[in-house]
Amino acid sequence: MGARPELRKPHYFSLEDIDAIAAEIRRRAPGFTPRVGLILGSGLGQVAEAAADVQAVIPYAELPDWPEATVWGHAGRLILGHWAGQPVLIMQGRAHYYEGYTMAQIGLPVRVMRRLGAEFLFVTNAAGGINPAYQPGDLMLIRDHINFMGLAGLSPLRGPNLDALGPRFPDMSRAYDPHLRALAHEVAREAGFPLHEGVYVGVGGPQFETPADLRFLHRVGADAVGMSTVPEVVTAVHSGMRVLGVSGISNRANLDGQTITTHEEVLEAGRQMTPKLATLLAGVLARLA
Ligand code: HPA
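Everything in the sequence shown is counted per the working numbering, starting at 8 for the first residue and increasing by one.
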């Protein structure tokens with residue numbers, strides 16, 4: 008009622024808040040325990056069509072506190088079902104910091120996944136290719152990230168630490184699980200498509216980068232750039248989840264200022280990459296011990 012929105016935005020959630028959402032999901036899918044949480048990024052939502060034996064489909068708007076995906080290209084619902092023999096909780100669309108959410112809100116779904124029992128987070132995104140070898144339509148396995156926003160203090164872990172989930176100062180030296188990466192390479196090799204491996208840099212957006220921004224990011228070691236993923240991975244690692252991250256290269260980042268990047272281009276590339284990404288994710292799921 009006229010209160011300034013920034014005064015009403017939650018900057019952290021209690022374990023009770025998180026567990027209330029988990030309870031609502033359990034009520035909708037009784038007896039279902041997801042082993043893997045999967046976040047599908049821009050233009051990649053169709054991957055969810057592979058889910059079988061669907062137990063529940065829940066629009067984000069029906070869950071308390073759950074951040075809605077306001078960006079075109081994100082369906083905004085949870086799908087609980089099986090894929091390649093594994094019980095999975097799929098987020099078809101995600102919230103981004105640039106939409107006005109707090110970092111705590113962006114981390115919230117991952118915490119709910121964890122409280123529901125998920126041991127793994129598989130996270131996908133559309134990203135701009137900075138590495139000159141990358142072409143639109145390629146996939147890049149994330150080996151590590153540069154937390155551009157986080158280094159300066161924007162963390163989903165800010166606020167009272169939830170000791171039941173993980174430690175105050177989580178180690179990030181192996182954020183992207185080496186075993187899961189090895190499995191992904193095996194799947195790509197068998198399926199016969201190239202799979203890059205590189206460093207993802209997470210930036211705030213929503214504006215795309217200037218050519219000077221991109222030259223800077225290139226020089227500090229980034230191979231791909233995007234506006235998501237990093238806060239979710241930080242949240243997952245904090246709570247002991249093992250993470251697989253995949254970027255779909257939707258466009259060539261414009262280091263020389265010769266082309267422009269559009270959201271339409273990002274979504275279209277996402278649609279083209281969907282079959283390859285689905286093969287990759289299903290293959291890793293099938294190989295989970
Ligand atoms: N920059 C940042 N985020 C993106 C890009 C990009 O070029 N492409 C898709 N997401």
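Where is the CB? At the ideal position from N, CA and C, for every residue including glycine.
- In this structure the segment 250–260 does not lie against the segment 54–62, because fewer than three pairs of beta carbons, one per stretch, are closer than 8 Å.
- In the structure shown, Gln112 adopts helical secondary structure according to DSSP, grouped into three states.
- Burial is judged here by how many other beta carbons sit within 10 angstroms of a residue's own beta carbon; Asp263 has fewer than 16 and is exposed.
- For Gly212, same chain residues with a beta-carbon under 6 Å away, outside a window of 5 residues either side, are Tyr105 and Met234 in chain order.
- A distance of 9 Å or more separates the beta carbons of Val117 and Gly52.
- Taking C-alpha positions only, Tyr207 is separated from Leu292 by approximately 22 Å.
- With at least 16 other beta carbons inside 10 angstroms of its own, Leu288 counts as buried.
- Taking a contact as a CB-CB distance under 8 Å, the pair Gly209 and Asn154 counts as one, their CB atoms being some 6 Å apart.
- The beta carbon of Gly92 sits closer than 8 Å to the beta carbons of Leu292 and Ala293 from its chain, once the five residues preceding and following it are set aside; these are given in chain order.
- Taking 9 Å as the cut-off, the beta carbon of Asp230 is found closer than this to the beta carbon of Gly136.
- The shortest C-alpha to C-alpha distance from Pro238 to any of Pro17, Ser254, Thr109 and Glu204 is the one to Thr109.
- In summary, Lys16 is exposed, with fewer than 16 beta-carbon neighbours lying within 10 Å of its beta-carbon over all protein chains present.
- Excluding residues up to 5 positions away in sequence, Val206 lie with their Cβ nearer than 6 Å to the Cβ of Gly228 in the same chain.
- In the DSSP assignment, Thr131 falls within the beta strand (DSSP E) that extends over Phe127 to Gly136.
- A Cβ-Cβ separation of about 7 Å places Leu47 in contact with Ile97 under the 8 Å criterion.
- A direct Cα-to-Cα measurement between Leu128 and Leu161 gives close to 21 Å.
- Around the beta carbon of Ala189, fewer than 16 other beta carbons lie within 10 angstroms, which makes this residue exposed.
- Distance from the CA atom of Pro201 to the CA atom of Ala276, rounded to whole angstroms, is 16 Å.
- Rounded to the nearest whole angstrom, the C-alpha separation of Arg181 and Asn168 is 21 Å.
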